[in-house]
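Single-structure report; data block below.
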Amino acid sequence: MAAEYVLGLLPPAQRSAFESVLLSDQDLQQDVAAWRQYFSTFAEDFKDRTPPPQLINRIESKLSVVPRTALWKQVLPYVIGAALGSVLTWIAVSSGVMPVH
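The opening position of the sequence shown corresponds to residue 1 in this note's numbering, with each subsequent residue numbered one higher.
Here it is, written out as structure tokens:
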């Protein structure tokens, strides 16, 4: 858990609990120091770079946003089907094709 703490991956509640234990636990303090040292070697290999300003626009354009269909467009086929079924049933009953007992 010390590595996750150093990387900032703990949720706020776990982070607070971890930090309260960290205040009094010397072994845990040593673990955190060791992980900080370990991860600091990775940072030395990379230079800070500022991303180009248009990057966020390119990322957002690649994200597929599915347009939400209006409710009436979703329900309309079922309403038409129900109406058509009702009309056909009425025609069948009134013409005697489907006798009612």
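The beta carbon of each residue, even a glycine, is placed where N, CA and C say it ideally should be.
The region 22 to 36 and the region 2 to 9 touch, with three or more beta-carbon pairs separated by less than 8 Å.
V93 and A83 have their C-alpha atoms some 15 Å from each other. Annotated three-state conformation of P99 is coil, per DSSP. The three-state secondary structure of S24, taken from DSSP, is coil. Contact check for L28 against A2 passes: the beta carbons are separated by less than 8 Å.
Rounded to whole angstroms, the separation of the alpha carbons of P51 and A43 is 17 Å. Take F18, set aside five residues on each side of it, and the residues of its chain with a beta-carbon closer than 7 Å to its own are M1, Y5, L10, in chain order.
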